[in-house]
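Following full-length UniProt numbering, the numbering of the sequence shown begins with 1 at its first residue and continues without gaps.
For each residue, glycine too, the CB sits at the ideal point set by N, CA and C.
First comes the structure, then the notes that go with it.
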Amino acid sequence: MRETDLYLSSVIRSQVDARLPRDPTNVVKQSVSPQCYPWFEYSFTHRTSIIGDYDFGDLYRMLEPEFGTLLIFHVAKASKPHIKCIMHNDIDVDDDHLLRGEILTVIRIMLGQLKQKVFVNDMVAPVLLLSLNRRHPRVIEAYFDGKELLIRHTKPYDFTVLNAAGFKTFAQWFLGNPIGDTSKRAVQT
1 MRETDLYLSS VIRSQVDARL PRDPTNVVKQ SVSPQCYPWF EYSFTHRTSI IGDYDFGDLY
61 RMLEPEFGTL LIFHVAKASK PHIKCIMHND IDVDDDHLLR GEILTVIRIM LGQLKQKVFV
121 NDMVAPVLLL SLNRRHPRVI EAYFDGKELL IRHTKPYDFT VLNAAGFKTF AQWFLGNPIG
181 DTSKRAVQT
């Protein structure tokens, strides 16, 4: 499996920071700086591969309404079955409904994770889905507890205008580390 390490050394990071245009609101730097997240080890925790390297089935739909998976991140060294996914939907969403593409993507990723031999002792495969629905993305958190598929979602974020607080919260969701017991005993209650 081809993997791209997401780690940027502090030297490279400082060179990249020097080349980036200055952010007048300092939102990006505040969102991921070590001062805000002293536990920030995201670059060591997660890795990504080419989407075709995953055995998750069809994560795209080309007919109206279109949806598709843009990026998938897994926990490095397959230590946990947690997955983060960024997907797009060519449809607007409201607060009360989940989209068909979101549900299909979550289920296919969960099934693909639990089919892997390395996760034979795990019964839960949590998925954190960042769903980019035109100009109003939202975060979806899903897992199967042994009885039900539980899906929670945030309200859509409005990024049609500068929304520093919304961007920071959205980035916190994405940069968070995986937590929770995914073993068989977690669902034996």
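Which listed residue (Gly101, Met87, Ala125 and Pro178) has its alpha carbon closest to that of phenylalanine 144: Comparing Cα positions, the closest option is Ala125.
CB-CB length for arginine 135 against threonine 160, believed under 8 angstroms: Yes, arginine 135 and threonine 160 are in contact; Cβ-Cβ is about 5 angstroms, under 8 angstroms.
Reduced DSSP category for glutamate 148 - H, G, I as helix; E, B as strand; rest coil: Looking at glutamate 148 - three-state DSSP - the assignment turns out to be coil, as it is neither helix nor strand.
Nearest-angstrom Cα separation, counted from glycine 112 out to histidine 82: Glycine 112 has its alpha-carbon roughly 12 angstroms from the corresponding atom of histidine 82.
Beta-carbon proximity list for lysine 80, same chain, < 6 angstroms, skipping 5 on both sides: Its chain contains Pro178 as the residues whose beta carbon lies nearer than 6 angstroms to that of lysine 80, once the 5 sequence neighbours on both sides are disregarded; these appear in chain order.
4-residue-minimum alpha helix (DSSP H) runs that sit fully inside the stretch 92–119, ordered along the chain: 100–114, all fully within the stretch 92–119.
Local conformation of cysteine 36 per DSSP, three classes: Because cysteine 36 carries a pLDDT of 40, less than 50, the predicted location of this residue cannot be relied on, and no value is offered for it.
Beta-ladder partner(s) of glutamate 141, from DSSP: Partner(s): Leu128 and Arg152.
Among Gly180, Glu66, Ala171 and Val75, nearest to leucine 130 - alpha-carbon criterion: Out of Gly180, Glu66, Ala171 and Val75, the CA that lies nearest to the CA of leucine 130 is found in Ala171.
Whole-number beta carbon distance between glutamate 66 and aspartate 92, since they are thought to touch under 8 angstroms: With a contact defined as Cβ atoms closer than 8 angstroms, aspartate 92 and glutamate 66 miss out at about 13 angstroms.
Nearest to methionine 87 (by Cα), restricted to the options Leu99, Leu149, Lys155 and Leu71: With distances taken between Cα atoms, methionine 87 lies closest to Leu71.
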